[in-house]
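In the numbering used here, the protein residues as written are 50 to 485. C-beta atoms are modelled at their ideal positions from N, C-alpha and C, and glycine is treated no differently.
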RNA sequence: GGCAUGUUACCCAAGUGGCCAAAGGGAUCUGACUGUAAAUCAGACUGCUUCGCAUUCGGGGGUUCGAAUCCCUCACAUGCCA
């Protein structure tokens with residue numbers, strides 16, 4: 050990720066037309082489940098409280114699902130509250146139970162490395178200045194020194210197996226033929242301990258997380274109640290889904306990452322630009338800092354003139370700017386305009402074209418290369434067979450002209466600057482730079 | 001530890017000796033229609049030197065002219081028993 054995500058921090062603010070941040074996050078659809086709503090509303094409208102959200106290092110980067118959490122943290126910070134960003138150096142070694150199957154454990158060096166990356170990402174979305182600057186914590190710091198005896202005596206006694214078995218994440222796995230290991234079964238205890246630790250040492254009153262983590266969130270509030278006799282709170286955000294029922298945050302089967310080396314700003318921008326009409330308003334609410342009025346206007350625009358796709362363009366601009374910064378966003382927009390514009394590709398000047406192609410996946414090659422090979426090299430397809438199949442289905446275009454022959458080579462079909470645009474389907478593009 | 005059952009392509013799931021590269025559904029991809037949208041319709045969806053060949057049905061070994069299908073064994077999972 051570029052270092053520019055923080056450049057927009059100073060421009061962000063909550064919509065002042067809401068009475069308080071609780072009303073705003075509810076309007077934005079960020080609250081799916083929570084502990085007592087009246088208490089939470091009062092708590093959030095009162096003096097600053099400390100709250101946290103955990104991110105487990107299961108990959109070298111956070112993804113779009115995590116962005117929902119990051120923005121919720123930021124909105125609460127804007128309301129004056131004090132965020133803790135927890136990266137789970139310990140829980141990342143355990144793995145929370147997924148509904149389908151047991152996770153493969155990652156080795157501790159890898160996890161430790163990922164912790165570094167995630168901490169850097171998390172801090173970019175939150176202010177690091179002022180009374181309520183974000184503070185980063187790592188649960189490895191308090192779980193690592195603990196002995197198994199301490200764990201079983203001091204923590205384990207508070208947990209009832211019956212309750213643990215009833216958690217959705219656990220029971221789903223018990224009822225499937227995948228079963229569940231003791232390791233993953235224990236995950237909820239680890240997360241509960243985190244909340245208790247932060248309650249004790251940082252006076253942390255609230256934990257946020259995805260609603261699929263609800264069992265783990267309440268594990269913490271229950272533990273605090275039992276161990277300290279105090280009540281703490283939790284907010285579970287909704288699972289973001291597409292209106293057609295498919296998974297949100299995937300493109301071509303791959304996750305959309307926040308790291309620009311894993312998902313390019315261009316691809317990131319395109320992902321948002323392609324948002325369904327039916328989903329775009331909900332996405333604006335969750336993923337942008339636009340005001341209620343601005344979003345209402347865009348909602349009207351979608352209804353009145355859907356073909357202009359104003360809401361999608363705004364959404365793509367806002368979120369890409371937020372994550373990748375202004376410069377990268379401008380480049381992504383320029384590339385999109387050049388490559389999806391109405392005009393002929395050959396009418397673009399060489400510099401514009403080259404800049405646009407560099408935003409895409411691109412390769413350097415010679416004019417003798419076959420189209421099939423180039424499709425494979427640019428990862429537009431995963432095998433030569435798939436490349437031939439794509440060509441025979443009429444789904445491959447070289448400089449906007451359909452390729453008919455699977456024996457074809459690049460030949461002399463070049464654009465200014467000795468480049469070519471290879472396209473698969475309607476909108477999957479790659480750049481070809483021909484070396485002389 | 002014992003007995004039983006199960007492990008099929010991205011996911012779910014048929015298939016129980018040849019007609020199986022393996023039914024069906026979902027996801028995905030391509031084409032048509034569009035607005036770089038949705039819905040719909042059509043096609044594709046292991047690989048390759050592609051009218052043919054190679055390699056797949058948890059791993060390994062075996063029986064057979066021939067196995068995803070039978071046998072042995074290992075791993076993992078689920079249930080019951082201890």
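1) Looking only at its own chain, which residues have a Cβ that is under 7 Å from the Cβ of residue 217, when we skip the five neighbours before and after it?
2) In angstroms with no decimal places, state the Cα-to-Cα distance between residue 486 and residue 399.
3) Going by Cα to Cα distance, which pick from 82, 310, 408 and 367 is closest to residue 479?
4) If contacts are defined as beta-carbon pairs under 8 Å, then residue 254 and residue 100 qualify, I think. What distance do you get, rounded to the angstrom?
5) Would you list the one or two residues that DSSP bridges to residue 257?
6) Taking its Cβ as the centre, do 16 or more other Cβ atoms sit within 10 Å of residue 456, making it buried, or is it exposed?
7) For residue 112, which residues does DSSP report across the bridge?
8) To the nearest angstrom, how far is it from the Cα of residue 420 to the Cα of residue 433?
9) Just to confirm the assignment, what range does the beta strand (DSSP E) spanning residue 411 have?
10) Measure the beta-carbon distance from residue 322 to residue 262 and round it to whole angstroms, keeping in mind my assumption that it falls under 8 Å.
11) Does the segment 185-202 come into contact with the segment 125-132, if we say contact requires no fewer than three beta-carbon pairs (one atom in each stretch) closer than 8 Å?
12) Using a Cβ-Cβ cut-off of 6 Å (strictly less than) and excluding sequence neighbours within five positions of residue 272, which residues of its own chain qualify?
13) Measuring only the C-alpha atoms, how far is residue 296 from residue 325?
14) Please list the terminal residues of the continuous alpha helix (DSSP H) segment that includes residue 239.
15) My guess is that residue 76 and residue 93 are in contact by the Cβ rule of under 8 Å, so how many angstroms apart are they, rounded?
16) Whole angstroms are fine: how far does the CA of residue 110 sit from the CA of residue 166?
17) With 16 as the cutoff for other CB atoms within 10 Å, does residue 210 come out buried or exposed?
18) Residue range of the alpha helix (DSSP H) that residue 475 falls in?
19) Thinking C-alpha only, which one of 422, 315 and 342 is nearest residue 477?
Result, derived from the coordinates:
1) Within the first chain, residue 217 is the residue found at index 168, counting from 1. Correct list, in chain order: 264.
2) Absent from the model: residue 486. The displayed extent of the chain is 50 to 485, so no value can be given.
3) In the first chain, counting from the first residue as 1, residue 479 sits at position 430. When each option's Cα is compared against that of residue 479, the closest is 408.
4) Along the first chain, read from residue 1 onward, the residue named residue 254 stands at position 205. Along the first chain, read from residue 1 onward, the residue named residue 100 stands at position 51. Going by Cβ atoms, the distance from residue 254 to residue 100 rounds to 6 Å, so yes, they are a contact pair.
5) One-based indexing of the first chain puts residue 257 at position 208. DSSP output for residue 257 lists 102 and 284 as bridge partner(s).
6) Mapped onto the first chain, residue 456 falls at position 407. Classification for residue 456: exposed.
7) Sequence index remark: in the first chain, residue 112 carries index 63 (1-based). For residue 112, which the question treats as bridged, DSSP gives the partners 306.
8) The residue given as residue 420 occupies position 371 in the first chain. The residue given as residue 433 occupies position 384 in the first chain. Their backbone Cα atoms lie some 10 Å apart in a straight line.
9) Counting from 1 along the first chain, the entry for residue 411 is found at position 362. Per DSSP, residue 411 belongs to the beta strand (DSSP E) from 410-414.
10) On the first chain, position 273 is the one that residue 322 refers to. On the first chain, position 213 is the one that residue 262 refers to. Not quite, the Cβ-Cβ distance comes to about 30 Å (not below 8 Å), so this is no contact.
11) no
12) Within the first chain, numbered from 1, the residue matching residue 272 stands at position 223. Cβ neighbours of residue 272 beyond the five flanking positions: 207, 241 and 245.
13) What you label residue 296 is simply residue 247 of the first chain in a count that begins at 1. What you label residue 325 is simply residue 276 of the first chain in a count that begins at 1. Their Cα atoms are separated by approximately 13 Å.
14) One-based indexing of the first chain puts residue 239 at position 190. Unbroken alpha helix (DSSP H) run through residue 239: 236-251.
15) Locating residue 76 in the first chain gives position 27, counting from the first residue. Locating residue 93 in the first chain gives position 44, counting from the first residue. Not quite, the Cβ-Cβ distance comes to about 14 Å (not below 8 Å), so this is no contact.
16) Counting from one through the first chain, the residue named residue 166 turns up at place 117. Counting from one through the first chain, the residue named residue 110 turns up at place 61. Roughly 7 Å between the two C-alpha positions.
17) Here residue 210 corresponds to residue number 161 of the first chain, with the count starting at 1. Under this definition residue 210 is an exposed residue.
18) On the first chain, position 426 is the one that residue 475 refers to. Looking at the DSSP string, residue 475 is not in any alpha helix (DSSP H), and its letter there is neither H nor E.
19) As a working note, residue 477 is residue 428 in the first chain. Nearest of 422, 315 and 342 to residue 477, Cα basis: 315.
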